[in-house]
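Asks:
Protein chains: 2
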Amino acid sequence: MADIILHQFYGSSASLRVRIALNLKGIAHGQVAWNLKKKEQKSEEYLKMNPQGFVPAIEREGKPILSQSLAIIEWLEETYPEPALLPKDIDERARVRAIAYAIACDTTPLLAGRIMRTLEVDLGADHDAQTKWFRMWVNDCFSALETQMNSNPATGKFCHGDTPTMGDLCIAAQVVSNERFGVDLAPYPTISRIFDNCMALQAFEKALPKNQPDAV
Amino acid sequence: MADIILHQFYGSSASLRVRIALNLKGIAHGQVAWNLKKKEQKSEEYLKMNPQGFVPAIEREGKPILSQSLAIIEWLEETYPEPALLPKDIDERARVRAIAYAIACDTTPLLAGRIMRTLEVDLGADHDAQTKWFRMWVNDCFSALETQMNSNPATGKFCHGDTPTMGDLCIAAQVVSNERFGVDLAPYPTISRIFDNCMALQAFEKALPKNQPDAV
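Chains A and B supply the protein sequences, listed in that same order. The opening residue of the first sequence carries number 0 in numbering that gives the first Met the number 0; numbering runs sequentially from there. The opening residue of the second sequence carries number 0 in numbering that gives the first Met the number 0; numbering runs sequentially from there.
#1: To the nearest angstrom, report how far apart residue 40 of chain A and residue 62 of chain A are at their CA atoms.
#2: Please list the residues of the stretch 144 to 173 of chain A that have a C-beta atom closer than 7 Å to any C-beta atom in chain B, keeping them in chain order.
#3: Output needed for residue 35 of chain B: all residues of its chain with C-beta closer than 8 Å, excluding positions within five of it in sequence on either side, in chain order.
#4: Which ranges would you report for the alpha helix (DSSP H) in the stretch 156 to 189 of chain A if only whole runs of at least 4 residues count?
#5: Quick one: what does DSSP say residue 62 of chain A is sitting in, helix, strand or coil?
#6: Are there 16 or more other CB atoms within 10 angstroms of the CB of residue 159 of chain B, so buried, or fewer, so exposed?
#7: Can you pull the chain B residues whose beta carbon is under 7 Å from the beta carbon of residue 50 of chain A, in chain order?
#8: Please classify residue 28 of chain B: does DSSP put it in a helix, a strand, or coil?
#9: Just to confirm the assignment, what range does the beta strand (DSSP E) spanning residue 5 of chain B have?
#10: Quick one: what's got a C-beta closer than 6 Å to residue 108 of chain B's C-beta in the same chain, skipping five residues either side?
#11: Count the other C-beta atoms from every protein chain shown that fall within 10 angstroms of the C-beta of residue 116 of chain A, then say buried if there are 16 or more, exposed otherwise.
#12: Can you give me the start and stop residues for the alpha helix (DSSP H) that residue 215 of chain B sits inside?
#13: Step through the CB atoms of chain A and report whether any lies within less than 7 Å of the CB of residue 100 of chain B.
#14: Apart from the five residues on each side of it in sequence, which residues of its chain come closer than 8 Å, Cβ to Cβ, to residue 27 of chain B?
#15: Run through DSSP, which three-state label would residue 56 of chain B get?
#16: With distances taken Cα to Cα, identify the nearest neighbour of residue 65 of chain B among B/81, B/80, B/47, B/82.
#17: Where do the ends of the alpha helix (DSSP H) carrying residue 140 of chain A lie?
#18: Only counting the same chain, and skipping five residues up and downstream in sequence, which positions put a Cβ closer than 8 Å to that of residue 44 of chain A?
#19: Verify whether the separation of the beta carbon atoms of residue 77 of chain A and residue 89 of chain B is less than 7 Å.
#20: Along the chain, where does the alpha helix (DSSP H) containing residue 201 of chain A start, and where does it finish?
#21: Should residue 149 of chain B be labelled buried (16 or more other beta-carbon atoms within 10 Å of its own) or exposed?
#22: Any beta carbon of chain A sitting closer than 7 Å to that of residue 104 of chain B?
#23: List, in order along the chain, the chain B residues whose C-beta lies closer than 9 Å to that of residue 114 of chain A?
#24: For residue 45 of chain A, report the span of its alpha helix (DSSP H) as first-last.
#25: If you count every other CB in all the chains shown that lies within 10 Å of the CB of residue 123 of chain B, and 16 or more means buried, which is it?
#26: Is it a yes or a no for the stretch 164 to 180 of chain A touching the stretch 125 to 141 of chain A, going by three-plus beta-carbon pairs under 8 Å?
#27: Give the straight-line distance between the Cα atoms of residue 31 of chain A and residue 127 of chain A, rounded to the nearest whole angstrom.
#28: Less than 7 Å between the C-beta atoms of residue 119 of chain B and residue 187 of chain B, yes or no?
#29: Report yes if the C-beta of residue 39 of chain A is less than 6 Å from at least one heavy atom of the ligand FAD; otherwise report no.
#30: Compare the C-beta of residue 44 of chain A with all C-beta atoms of chain C and state if any pair is closer than 7 Å.
#31: Listing by chain order, which chain B residues have their CB less than 8 Å from the CB of residue 131 of chain A?
#32: Within the same chain, show all residues whose beta-carbon is closer than 8 Å to that of residue 153 of chain A, passing over the 5 residues directly before and after it, in chain order.
#33: Who are the Cβ neighbours of residue 29 of chain A in its own chain at under 6 Å, not counting the five residues just before and after it?
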């Protein structure tokens, strides 16, 4: 058994962030799939491990479960510092975290399966209304990030400098997730460029949903 | 002019988290209010500072603006390490961050003013439907956190040990925000106890919405 087991779902944006982080840091790990479409993350077995019923989670022999993708990524960063996913400088770390949280707090959670289902079932949102909802929040976020990044000399090949950081993990995972509802990236040349630079790296490519064993 | 200016709104949950952190660390600061009810955070003047158009943000003379409440709190923690808002141990830090993110990523953003307005205007959600939405996501989160915390010996007077951490800032801010739609805390004795312990501290009490100069 590997020292680290990643519990995940191929199509989950938060799982994708962690898969990229593990790949970038070159951390050998096992992988267990929980099919969100079959609500396996709400099974008794999974909830015993992670009461929130969300993927991803990290299991380690005889140690507490780690949950929440960003908490896992901070833990990976503190446990396996190289290559770094956060800059050393305190102000720069704040910039990268703010980019990550603009996506991981203010955007991706609004678009989760549980939210889209509630919009449909409780509020009668049809496919068009769901599409509008999805695109609106992504566009709100990406417009702001585009402005923040394209005018800032700290932006490089990636959102901060020329190596990928926690911010890029979140950007890449959101762009991949956009495929569900088709968000036009034309207004976001900086985000598009960063995404292309991410996808040129094997760590990102290998982490894509389609390249997971549980992909259907 | 103070070295640190907090741009905030008295009723914002994310602003409350940062006000508590500043108070706990005893950091002198100025405070500027932007009235979210008048959409002042979307004014040209504010957007020039923070293109995301969200509060809080921190302004410092000649240095970049800091945005995103959790990025600000991590920055405060790295800049003013005492008293610590994160444990020293890497596993324990991950636990605290996971508690914080369960609220700050997966819950609070679903309940923001912009979301509630969109539910009402685009999807015709009346007050009852909005109440159901609000309570559902808070209850989902609090049920899981209650299970995670009440069975874990790491939980103390606060969510992790006997001094407040980043997790408690998020718990307290969410409980305060619950007043908007009335969430029953009876099923959550651990969360209720932690909230009471938070509110017994002047740093939390002073940070409450009603105690801000911009409160109406």
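Just so you know, even glycine gets a beta-carbon here, dropped at the ideal spot from N, CA and C.
Replies: On the basis of the data shown:
#1: What you label residue 40 of chain A is simply residue 41 of the first sequence in a count that begins at 1. What you label residue 62 of chain A is simply residue 63 of the first sequence in a count that begins at 1. Computed Cα separation, rounded: 20 Å.
#2: 146, 147
#3: Residue 35 of chain B sits at position 36 when you count from the first residue of the second sequence. The residues are 8, 10, 11, 54, 112.
#4: 165 to 177
#5: The count along the first sequence starts at 1 and reaches residue 62 of chain A at position 63. Three-state DSSP puts residue 62 of chain A in a strand.
#6: One-based indexing of the second sequence puts residue 159 of chain B at position 160. Burial call: buried.
#7: As a first step, residue 50 of chain A is located in the first sequence; it is residue number 51 there, counting from the start. Those are 143, 146, 147, listed as they occur along chain B.
#8: Counting from one through the second sequence, the residue named residue 28 of chain B turns up at place 29. Of the three classes helix, strand and coil, the one that applies to residue 28 of chain B here is coil, per DSSP.
#9: Stepping through the second sequence from its first residue, residue 5 of chain B is reached at position 6. Unbroken beta strand (DSSP E) run through residue 5 of chain B: 3 to 7.
#10: Within the second sequence, the letter at position 109 stands for residue 108 of chain B. Correct list: empty, nothing qualifies.
#11: For this step, residue 116 of chain A is matched to residue 117 along the first sequence. When all chains shown are included, residue 116 of chain A counts as exposed.
#12: As a first step, residue 215 of chain B must be located in the second sequence, where it is residue number 216. Here residue 215 of chain B belongs to no alpha helix (DSSP H), and DSSP marks it neither H nor E.
#13: As a first step, residue 100 of chain B is located in the second sequence; it is residue number 101 there, counting from the start. With 7 Å as the cut-off, residue 100 of chain B counts as an interface residue toward chain A.
#14: As a position in the second sequence, residue 27 of chain B is number 28, starting the count at 1. If we look at residue 27 of chain B and ignore the five residues flanking it on each side, its Cβ neighbours are 1, 2, 3.
#15: What you label residue 56 of chain B is simply residue 57 of the second sequence in a count that begins at 1. The answer is strand: DSSP assigns residue 56 of chain B an E or B state.
#16: Looking up residue 65 of chain B in the second sequence gives position 66. Per the Cα distances, B/47.
#17: Walking along the first sequence from the start, residue 140 of chain A turns up at place 141. Unbroken alpha helix (DSSP H) run through residue 140 of chain A: 126 to 149.
#18: Locating residue 44 of chain A in the first sequence gives position 45, where the first residue counts as 1. Around residue 44 of chain A: no qualifying Cβ.
#19: Translated into the one-based positions of the first sequence, residue 77 of chain A becomes position 78. Translated into the one-based positions of the second sequence, residue 89 of chain B becomes position 90. Yes, the Cβ-Cβ distance between residue 77 of chain A and residue 89 of chain B is below 7 Å.
#20: Reading the first sequence from its first residue, position 202 is the one you call residue 201 of chain A. Here the alpha helix (DSSP H) through residue 201 of chain A covers 201 to 206.
#21: Indexing the second sequence from 1 puts residue 149 of chain B at position 150. Classification of residue 149 of chain B: exposed, given that the 10 Å Cβ count is below 16.
#22: Taking the first residue of the second sequence as 1, we reach residue 104 of chain B at position 105. Closer than 7 Å: yes.
#23: Residue 114 of chain A sits at position 115 when you count from the first residue of the first sequence. Near residue 114 of chain A (Cβ distances below 9 Å), the residues of chain B are 109, 136.
#24: Your numbering for residue 45 of chain A matches position 46 in the first sequence. Element bounds for residue 45 of chain A: 43 to 48.
#25: Numbered from its first residue, the second sequence carries residue 123 of chain B at position 124. By the 10 Å Cβ count, residue 123 of chain B comes out exposed.
#26: yes
#27: For the purposes of this step, residue 31 of chain A is taken as the residue at position 32 of the first sequence. For the purposes of this step, residue 127 of chain A is taken as the residue at position 128 of the first sequence. Rounded to whole angstroms, residue 31 of chain A to residue 127 of chain A spans 34 Å at the Cα level.
#28: Counting from 1 along the second sequence, the entry for residue 119 of chain B is found at position 120. Counting from 1 along the second sequence, the entry for residue 187 of chain B is found at position 188. No. Outside cutoff.
#29: What this structure holds is no ligand at all, so the ligand FAD is not there to describe.
#30: Considering every chain present, this structure includes no chain C. Its protein chains are A and B.
#31: Translated into positions along the first sequence, residue 131 of chain A becomes position 132. Ordered by position in chain B, the residues that pass the 8 Å Cβ test against residue 131 of chain A are 121.
#32: Position 154 of the first sequence, counted from the start, is the residue given in the question as residue 153 of chain A. Excluding positions up to five away in sequence, the list reads 91, 94, 159, 160.
#33: Translated into positions along the first sequence, residue 29 of chain A becomes position 30. For residue 29 of chain A, where only same-chain residues beyond five positions count, the Cβ hits under 6 Å are 1, 4.
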